[in-house]
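Heads up: the sequence shown is residues 1255 to 1362, going by this note's numbering.
Glycine included, C-beta positions come from ideal geometry on N, C-alpha and C.
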Amino acid sequence: MNGRRSSRVRPSSLPDHAGSAEGYLSHIPGWELLEEAHLLRRKFTFADFRQSLSFVDEAGRLAEEEGHHPDICFGWGYAAISLQTRKIKGLHENDFIMAAKINQFTGS
């Protein structure tokens, strides 16, 4: 999934079903499905605020490159990223691509 790019999502696109979401999940360690498989989330831990901020900056750069923007919450020693494709109110393959790319730059 790391080498793939996010694709354009149309409002008529169907969300991934829970079964296919579970299959994708095996490729992105550390992430969890929430809200009946409509949301993907992972919490990252860091030694201090500076590392958290650096991670968020890198995630933001990646989001701009991919054109796919997660919700990010962070503070001292942590950052949490949530992915969902708002146009379809659920998960799309793009969410899993983003998760894999985030894992790649964190080394996990």
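Counted within 10 angstroms of its Cβ, other Cβ atoms place residue i as buried (16 or more) or exposed
i: PHE1350; result: buried
i: GLY1314; result: exposed
i: CYS1327; result: exposed
Beta-bridge pairing of residue i - partner residues as DSSP gives them
i: LEU1293; result: LEU1288
i: THR1360; result: Its beta-bridge partners do not exist; DSSP assigns none.
i: LEU1337; result: LEU1294
Contact belief for residue i with residue j at Cβ below 8 Å, rounded distance in angstroms
i: LEU1316; j: ILE1356; result: 7 Å
i: PRO1324; j: ILE1335; result: 5 Å
i: GLY1329; j: SER1306; result: 7 Å
i: ASN1348; j: THR1360; result: With 8 Å as the limit, ASN1348 and THR1360 do not qualify as a contact, their Cβ atoms being about 19 Å apart.
Distance between residue j and residue i (C-alpha atoms, nearest Å)
i: LEU1288; j: HIS1322; result: 19 Å
i: GLY1344; j: SER1280; result: 18 Å
i: ARG1295; j: GLY1277; result: 16 Å
i: PRO1283; j: PHE1303; result: 24 Å
Proximity test, Cβ basis, 7 Å: residue i and chain B
i: PHE1350; result: The structure shown contains no chain B; it holds only a single protein chain.
Inset, instruction - Taking only runs that begin and end inside the segment 1298-1335, name each unbroken beta strand (DSSP E) of 3 or more residues, in chain order. - result: 1325-1329
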